[in-house]
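S.K.: My questions all concern the structure below.
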Amino acid sequence: MAAERFRDLSQAIDVSLLDATVAAFYGTGSKEERAAADRILQDLQSNPDMWLQVVHILQNTKNLNTKFFALQ
Numbered sequence: 001m002a003a004e005r006f007r008d009l010s011q012a013i014d015v016s017l018l019d020a021t022v023a024a025f026y027g028t029g030s031k032e033e034r035a036a037a038d039r040i041l042q043d044l045q046s047n048p049d050m051w052l053q054v055v056h057i058l059q060n061t062k063n064l065n066t067k068f069f070a071l072q
């Protein structure tokens with residue numbers, strides 16, 4: 001599950017998985033998919049080590065929504 005792969009932020013975050021999670025949140029998926037993506041993204045935002053991933057995310061994503069998420 002995506003949430004488990006995002007727990008250890010001492011390693012570089014999987015940007016393609018983050019892109020997929022952001023796309024699920026903003027996309028036209030089911031209500032359950034959007035809710036699950038929302039929970040994952042909120043957990044990431046509340047993690048005090050997330051700021052360490054910002055440069056890596058900005059350099060490795062082409063998705064504007066993911067870039068915006070990284071800057072929040």
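Sequential numbering from 1 applies to the sequence shown in UniProt numbering.
Note that CB positions come from ideal geometry on N, CA and C, so glycine has one too.
Computed from a predicted model, the values in this text were never measured in an experiment.
1) Please classify residue 55 as buried or exposed, where buried requires at least 16 other C-beta atoms within 10 Å of its C-beta.
2) When the Cα atoms are used, what is the spatial distance from residue 8 to residue 27?
3) In angstroms with no decimal places, state the Cα-to-Cα distance between residue 36 and residue 72.
4) Is the distance from the Cβ of residue 50 to the Cβ of residue 44 below 8 Å?
5) My understanding is that residue 17 touches residue 66, with C-beta atoms under 8 Å, so please give their C-beta distance in whole angstroms.
M.R.: On the basis of the coordinates in this document:
1) The count along the sequence shown starts at 1 and reaches residue 55 at position 55. Of the residues assessed, residue 55 falls on the exposed side of the cut-off, its CB having fewer than 16 other CB atoms within 10 angstroms.
2) Residue mapping note: residue 8 aligns to position 8 of the sequence shown, counting from 1. Residue mapping note: residue 27 aligns to position 27 of the sequence shown, counting from 1. Linking residue 8 to residue 27 through their CA atoms gives a straight-line distance of about 26 Å.
3) Within the sequence shown, numbered from 1, the residue matching residue 36 stands at position 36. Within the sequence shown, numbered from 1, the residue matching residue 72 stands at position 72. Each residue's alpha carbon lies about 19 Å from the other.
4) Start at 1 with the first residue of the sequence shown, and residue 50 comes out as number 50. Start at 1 with the first residue of the sequence shown, and residue 44 comes out as number 44. Between residue 50 and residue 44, the C-beta spacing is below 8 Å.
5) The residue given as residue 17 occupies position 17 in the sequence shown. The residue given as residue 66 occupies position 66 in the sequence shown. For residue 17 against residue 66, the beta-carbon gap comes to about 11 Å, at or over 8 Å, which does not count as contact.
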